[in-house]
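Here UniProt numbering is used: the first residue of the sequence shown is 1, the next is one more, and so on.
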Amino acid sequence: MHEHDHEHPHDHANHTQAPEHHHNPAGALKDPVCGMTVTPASPHHLEHDRATYFFCSAKCLNKFRLEPARYLAPPSPVPVTPTEGGTEYTCPMHPEVRQLGPGNCPKCGMALEPVLPDLEEKENPELVDFRRRFWGSLPLTLVVFVLAMFGHRFHWFGMGVQSWIELLVSTPVVLWAGWPFYVRGWQSVVNRSPNMWTLIGLGTGAAYVYSVVATLIPQAFPESFISMGRVAVYFEAAAVIISLTLLGQLMELQARSQTSAAIKSLLGLAPKTARRLHDDGTEEDVPLTHVHVGDRLRVRPGEKVPVDGVVLEGSSAVDESMLTGEPVPVMKRPGDKVIGATMNTNGALVMRSERVGAGTMLSQIVTMVMQAQRSRAPMQRMADQVAGYFVMTVIGIATLTFLGWGLLAGNWVYGLINAVAVLIIACPCALGLATPMSIMVATGAGAKRGVLFRDAAAIENLRKIDTLIVDKTGTLTEGKPAFDRIVAAPGFSENEVLRLAASLDQGSEHPLAAAVVAEAKRRDIPLAKADNFESGTGIGVRGVVDGKALALGNTTLMDQLAVTTDSLRAEAERLRLTGASVMHLAVEGRLAGLLAVSDPIKATTPEALHALRDMGIRVVMATGDGLTTAKAVGITLGLDEVHGEVKPADKLALVERLQREGRKVAMAGDGINDAPALAKADVGIAMGTGTDVAMNSAQVTLVKGDLRGIAVARAVSLATVANMKQNLAFAFVYNALGVPIAAGVMYPLTGWLLSPMIAALAMSLSSVSVVFNALRLRQASLPGDMERLPVTAAINTKKRGCC
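Take a look at the structure:
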């Protein structure tokens, strides 16, 4: 029944680091536990392994004394390239590429972007640089374009002189404005990773070099190259392609910046400082990164709660709407939990921090969204395989185009210009961006609706689900059971049964146990100490109270201990028919009585089940409760299939059986006993109000613990996969049509040819269109009124089994 795990808080999880060397003559010392700067004058110091270490407080010193190896171990190596800047950057198309500071991806040449967006709204340095190059070169591009298009008509200059003017005007555009493109193109060759910059570099480089040679030594070319009184030059093609590519990059970078809006909104919830109380009665404002587990913090009216913790003094209404979606502020008193980033409204609170840094609920959510955004969808593998051969194929087609026009049509000028058009229009940028942009936007959109995807595979797989297995307690029901009644066996009184059961349940964090203990306190029944406490996952607990061996749990536990329950079997069945959870108490191997606890069905559960049925999903309930209780709940909710008194191994077996029948199975649960089934299911869905173990085993987390989130998650999955297919189809069709036209295949039949400048415009717009199509996911329609689901919800550490 109950799950009793002793938790070990990961104190300073976000501060621990290996010391550079903590006895520095210059006085720049660091606390090896929390990383804070200290001075040699600190009274807290310790000799260890012939070295002196200094600490900011006695608390850090004691932690170090107990586990010095933990704080002196070198950090795990991080696969980054050390460059200037302290922010980690990654490639949106290749998330495995990481480096410190901005730069270009060695695989695709794309500008890297920060892994975690900057809340100070600093503009992307790549965007700033490209904007400067674009506007600085645009007047020159327009000049060379006008000369090329109209100079021969109006005879402003002799054609030979015009070629020299075009050379002078276009050179800054190609060699200065386009320099980043050539650097990326060269890197693609060096890294043996041909990409869009390979094609752009080849195309514009060929047009420019050819035109320079034609201007400098026109006599080297045969008569067939002469057009309108000079050897044909294409400075305008190279310059216009560079400017259009810069414009496309500006639009793409601007659009890509919008995909991090969800992460920014989450990060913006956290306060920057906390007010720490010292033992001597003084107070100080400290950066949030300097808050330790166990610190006492003051939260004044109108301030945000800095970290997750528990109230020690005071009372106040705390607005948790930004995290839990509850519209009414929740009253907090001593002993109540508070969540970091929620707003204290009217009273003053003193709290003790319990989770800091990466351990807070807000940090966990940000991490999950960030990891999901940087993961790769299975659908991307097809695009990657195609793109791997695509560039070399395009170079081959461009070569054949040049030779075909020259050898077969005798027009080498057309051959050159059409080859350049092939290289430019075939840039695979749209193909590479097709799925990553959809994933980034979808994970952000999901987070705003209370749905966290662990990775892109979860988004892609959720749409295939046709069967959903759900737990009862905390999933279909509130997970906050209320005490119902006691039925004492002959020889025992009700108060004695309650006293023994509550004494044993003091060591459990299960919500059913909390209901029993709360009822004993309400009746002012004194509780005894429980020794030799043991928890059997999903079946109950055992221990010794007043020297007597006790067992409290379901009929499975009673059967294991050979305890006869026949005397109260009928009463237990009657209680279960009302939907109550029934626990048996055995004293020294003899049944002492029953305790019934009712867990009301969540108000949102019927709506959620209706939405899931409309999606064609079969809902199966598997619970550790008695079969009669399970059936009563199943009848009330109209469930398709019900399983009661299910142990963790049984839930796992149920998932495997349904999978063997050919079903795609999702498992939704919130307890430790659900973890094996969550991991085995095609998609595991954890309720955010459940245990960390459950969430670590799942691919999707519903941060509010609202079952309607499954319908939302599936709607997001369907919309995202449709969006990825649209992007991929557009990219494939665009190249399938564009390359033949650029090569001149249609010319004999239609007279169609594609100017390299038009090809450059189409190439830029194709990438931008993919990004903007992905951004449409932010407004994806969802079932019913589920748009109102909150951004996030509380993630606590209740240990839960099923009774």
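Glycine is no exception: its CB is placed at the ideal position from the N, C-alpha and C atoms.
Determine the DSSP secondary structure at Gln-219, reduced to helix, strand or coil. Position 219 of the sequence shown, counted from the first residue, corresponds to residue 219. Reduced to three states, the DSSP call for Gln-219 is helix.
May I have the straight-line CA-CA distance separating His-22 from Gln-560, to the nearest angstrom? Taking the sequence shown and counting its residues from 1, one reaches residue 22 at position 22. Taking the sequence shown and counting its residues from 1, one reaches residue 560 at position 560. In this prediction, His-22 scores a pLDDT of 39, lower than 50, which makes its location untrustworthy; no coordinate-derived value is stated.
Please give the ranges of any beta strand (DSSP E) in the region 272-314, keeping only runs that are unbroken, at least 3 residues long and fully inside the region. 273-277, 283-287, 296-299 and 308-314
Beta-carbon contacts of Lys-680 that lie in its chain and below 7 Å, excluding the five residues immediately before and after: Along the sequence shown, one-based indexing puts residue 680 at 680. So the qualifying residues of the chain are Leu-652, Val-655 and Glu-656.
Between which residues of its own chain and Val-620 is the CB-CB distance below 8 Å, once the five residues before and five after are set aside? Residue 620 sits at position 620 when you count from the first residue of the sequence shown. Only Thr-467, Leu-468, Ile-469, Val-470, Leu-639, Asp-640, Glu-641, Val-642, His-643, Leu-654 and Leu-658 meet the Cβ criterion.
Arg-660: first and last residue of the uninterrupted alpha helix (DSSP H) it sits in: Taking the sequence shown and counting its residues from 1, the one referred to as residue 660 is at position 660. Note, Arg-660: alpha helix (DSSP H), 648-660.
Close Cβ partners of Leu-753 (< 7 Å) along its chain, the five nearest in sequence each way excluded: Translated into the one-based positions of the sequence shown, residue 753 becomes position 753. Once the five neighbours on either side are set aside, the close Cβ partners of Leu-753 are Asn-418, Gly-744 and Tyr-747.
Terminal residues of the continuous alpha helix (DSSP H) containing Ala-713? Reading the sequence shown from its first residue, position 713 is the one you call residue 713. Ala-713 -> alpha helix (DSSP H) spans 708-743.
Sort out for me which residues DSSP pairs Ser-581 with in a bridge. For this step, residue 581 is matched to residue 581 along the sequence shown. Paired residue(s): Val-597.
How should His-510 be labelled, buried or exposed, when 16 other C-beta atoms within 10 angstroms of its C-beta is the threshold for buried? Locating residue 510 in the sequence shown gives position 510, where the first residue counts as 1. Burial call: buried.
Cβ contact (3+ pairs, closer than 8 Å) linking the region 533-544 and the region 567-579: no
For Met-331, does the count of other Cβ atoms within 10 angstroms reach 16, so buried, or fall short, so exposed? Here residue 331 refers to the residue found at position 331 of the sequence shown. Classification for Met-331: exposed.
Whose CA, out of Arg-522, Val-299, Ala-729 and Val-516, lies closest to the CA of Val-597? Position 597 of the sequence shown, counting from 1, holds the residue named residue 597. Checking every option, the nearest Cα to that of Val-597 belongs to Val-516.
Go ahead and label Ser-493 buried or exposed: buried means 16 or more other beta carbons lie within 10 angstroms of its beta carbon, across all protein chains shown. Sequence index remark: in the sequence shown, residue 493 carries index 493 (1-based). The residue is exposed, with fewer than 16 neighbouring Cβ atoms inside 10 Å.
When you compare only the Cα positions, how much space is there between Gly-185 and Lys-107? Looking up residue 185 in the sequence shown gives position 185. Looking up residue 107 in the sequence shown gives position 107. Rounded to whole angstroms, Gly-185 to Lys-107 spans 11 Å at the Cα level.
Determine which residues share a DSSP beta bridge with residue 812 and list them. The structure shown has nothing for residue 812, since the chain only spans 1 to 803.
With a Cβ-Cβ cutoff of 7 Å, do Leu-498 and Ile-486 count as a contact? Translated into positions along the sequence shown, residue 498 becomes position 498. Translated into positions along the sequence shown, residue 486 becomes position 486. Contact: yes.
Which value, in whole angstroms, describes the spacing of the CA atoms of Gly-309 and Gln-187? Looking up residue 309 in the sequence shown gives position 309. Looking up residue 187 in the sequence shown gives position 187. Using only the alpha carbons, I get a separation of about 50 Å.
Residues bridged to Lys-548 [DSSP beta-bridge criterion]: Working through the sequence shown from its first residue, we reach residue 548 at position 548. Answer is Val-545, bridged to Lys-548.
Is there contact here, the region 242-257 with the region 269-278, by at least three beta-carbon pairs under 8 Å? no
Rounded straight-line distance, which links the Cα of Val-563 to that of Arg-590: Counting from 1 along the sequence shown, the entry for residue 590 is found at position 590. Counting from 1 along the sequence shown, the entry for residue 563 is found at position 563. If I take the Cα positions, the gap works out to 6 Å.
Reduced DSSP secondary structure (H/G/I, E/B, other) of Glu-113: Reading the sequence shown from its first residue, position 113 is the one you call residue 113. Three-state DSSP puts Glu-113 in a strand.
Cα separation between Pro-172 and Trp-156? Counted from its first residue, the sequence shown places residue 172 at position 172. Counted from its first residue, the sequence shown places residue 156 at position 156. C-alpha separation (whole angstroms): 22 Å.
Taking Thr-477 as the reference, which of Ala-447, Asn-554, Ala-520 and Ile-601 has the closest Cα? For the purposes of this step, residue 477 is identified with residue 477 of the sequence shown, where counting begins at 1. It is Ile-601.
Helix, strand or coil at Asn-124 [DSSP, three-state]: Here residue 124 is taken as the residue at index 124 of the sequence shown, counted from 1. Residue state, collapsed to three classes: coil.
Identify the continuous beta strand (DSSP E) that holds Phe-453 and give its terminal residues. Here residue 453 corresponds to residue number 453 of the sequence shown, with the count starting at 1. 451-453 is the extent of the beta strand (DSSP E) around Phe-453.
Quick check: the Cα distance between Thr-204 and Ala-677, rounded to an integer number of angstroms? In the sequence shown, the residue the question calls residue 204 occupies position 204. In the sequence shown, the residue the question calls residue 677 occupies position 677. Distance between the alpha carbons of Thr-204 and Ala-677 is about 57 Å.
Three-state secondary structure (DSSP) of Asp-614: Looking up residue 614 in the sequence shown gives position 614. The answer is helix: DSSP assigns Asp-614 an H, G or I state.
Under 8 Å, with one C-beta from each stretch per pair, do the region 282-297 and the region 345-353 reach the 3-pair mark? yes
Inspect the CB distances between the region 539-557 and the region 601-614 and report whether three or more fall short of 8 Å. no
Starting from Gly-359, trace the beta strand (DSSP E) in both directions and tell me its first and last residue. On the sequence shown, position 359 is the one that residue 359 refers to. Careful: Gly-359 lies outside any beta strand (DSSP E) and carries neither H nor E.
Whole-angstrom distance between Asp-285 and residue 834, CA atom to CA atom: An answer regarding residue 834 cannot be provided, because it is not within the stretch 1 to 803 covered by the chain.
Cross-strand partners of His-45 (DSSP beta bridge): Here residue 45 is taken as the residue at index 45 of the sequence shown, counted from 1. Note: His-45 sits in a beta bridge opposite Phe-54.
In or out: His-292 buried (at least 16 other Cβ within 10 Å) or exposed? Against the sequence shown, residue 292 aligns to sequence position 292. It is buried - the Cβ of His-292 has at least 16 other Cβ atoms within 10 Å.
Below 8 Å on the Cβ atoms is my contact criterion, and I expect Gly-593 with Ala-489 to pass it. Report the Cβ-Cβ distance as a whole number of Å. Here residue 593 refers to the residue found at position 593 when the sequence shown is read from its first residue. Here residue 489 refers to the residue found at position 489 when the sequence shown is read from its first residue. Indeed they touch by this definition, with Cβ atoms about 5 Å apart.
Between the CA atoms of Leu-702 and Gly-624 - distance to the nearest angstrom: Stepping through the sequence shown from its first residue, residue 624 is reached at position 624. Stepping through the sequence shown from its first residue, residue 702 is reached at position 702. If I take the Cα positions, the gap works out to 22 Å.
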